[in-house]
Amino acid sequence: MANKKVIVDGSYGEGGGQILRTSISLSAVLGMPVKINNIRIKRRNPGLRPQHLTGIIAASKLTNAKLRGNRIGSTSVEFIPDRIRSGDYEFDTGTAGSVTLVMQVLLPIMLSSPDRIKITVKGGTHVMHSPSYDYFKEVLLPAVRDMGACVKTEIYRYGFYPRGGGQITVECNHSELVGYEYDEHHKSDKKWPDKIVKARIIQSNKLPKHIIEREVNKINGLLNGVYLNTNIETKIVNTLSPGNAITLWYNGNGYRGSYVLGQTRKPAEKVADEAVTELLKHINYTVDEYLTDQLMIFSVMARGSTKIYTSDVSLHARTNAYIINSFLPNTIKIVDKNHVEIKGRG
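Each residue of the sequence shown is one higher than the last, beginning at 1 in the working numbering.
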């Protein structure tokens, strides 16, 4: 199976960068060559963007892979991995390209490394169309640790669009993942007995402080109004570009989060309202819809089965299931709009 080349249609489903990230990551973990065609062909700027290219090149360094089509704008990429190599690595998107999207490619590979591996990524930590660093740290990583992942992360600089300049590190040891049931029967209230919604608001020192104060007041008002307690951390940080971002998470009996980026001429109260509204959409389920597709690849790597009870099996998740089943047929079963079952191949 290791010599079989998998052909992936990058235009399938939502047709975005997730197809590329999952394909490259699975290729590296399984040792199966892959060719992805029609990359982001439906997008206004089709083909590879800087953050995609950074992820591919980073994965090739970790696996000593052969690459074809690795250039900005390319709509076809071939990735032929060798063995995963441990050690220390540093990668830079060169822009405000999302560091968390780069880590979506690399984290499964890192957990499969034979020894310790540490990666530094520079770019955007809180940008559009990607999870914030805080979501990565506070929602994804705790969920993956439930499966047995040995991983830790630190942030050294924050980066907003357009100049980026953020810097994070992620360090892993080889981990034997075990399937996990993130379903209706998942109970972990003992971890958070007070059912507290946590929040972290990151703001550039280039913006006035009253923005954060208004966001805090709005979040408290909305969540206290539905009988949820809050624990809000605020950080004013030095950044190359101005920015403001809210991440909320509730891990009382599952893993749910929301992330909203402030925008010019968008009132602070509206940013806070959107973050709370998004979280409340998922709070009665075990896993939010965005985490669902991110957990799929780790579930496949695990020994045993994984069950997910989610607020919605989105097109993003269905697309990810298609990619994974292209490598490993009949691995992911979408039971209905709220349930996913995954056979681990670890």
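Note that the Cβ used here is the ideal one computed from N, Cα and C, for glycine as well.
- Two segments are said to touch when three or more pairs of C-beta atoms, one from each, lie closer than 8 Å; by this definition the stretch 131 to 144 does not touch the stretch 322 to 336.
- Residue pairing by DSSP places D88 opposite K118 in a beta bridge.
- Under DSSP, the beta-bridge partners assigned to Y309 are H339.
- F298 and P46 have their C-alpha atoms roughly 28 Å apart.
- Secondary structure of S113 (DSSP, three-state): coil.
- Contact check for I219 and V260: beta-carbon distance about 11 Å, past the 8 Å limit, so the pair fails to qualify.
- Under the DSSP assignment, Y250 falls in the beta strand (DSSP E) whose first and last residues are N244 to Y250.
- With a contact defined as Cβ atoms closer than 8 Å, K206 and P242 qualify at about 4 Å.
- Looking at the backbone, the Cα of N238 and that of E14 are separated by about 36 Å.
- Taking 8 Å as the cut-off, the Cβ atoms of V99 and G69 do not count as close.
- For P50 against A65, the beta-carbon gap comes to about 19 Å, at or over 8 Å, which does not count as contact.
- Taking all protein chains shown into account, I7 has fewer than 16 neighbouring C-beta atoms within 10 Å of its C-beta and is therefore exposed.
- When C-alpha distances from K209 are compared across K235, I196 and K337, the shortest belongs to K235.
- Remark: C-beta atoms of V170 and I109 do not approach each other more closely than 8 Å.
- A Cβ-Cβ distance of about 14 Å is found for the pair G254 and L248, leaving them out of contact under the 8 Å criterion.
- A distance below 6 Å between beta-carbons, with the five flanking residues on each side excluded, links S60 to the following residues of its chain, in chain order: L67.
- K343 places its beta carbon 8 Å or farther from that of Y182.
- Between M128 and F79, the alpha-carbon positions lie close to 27 Å from each other.
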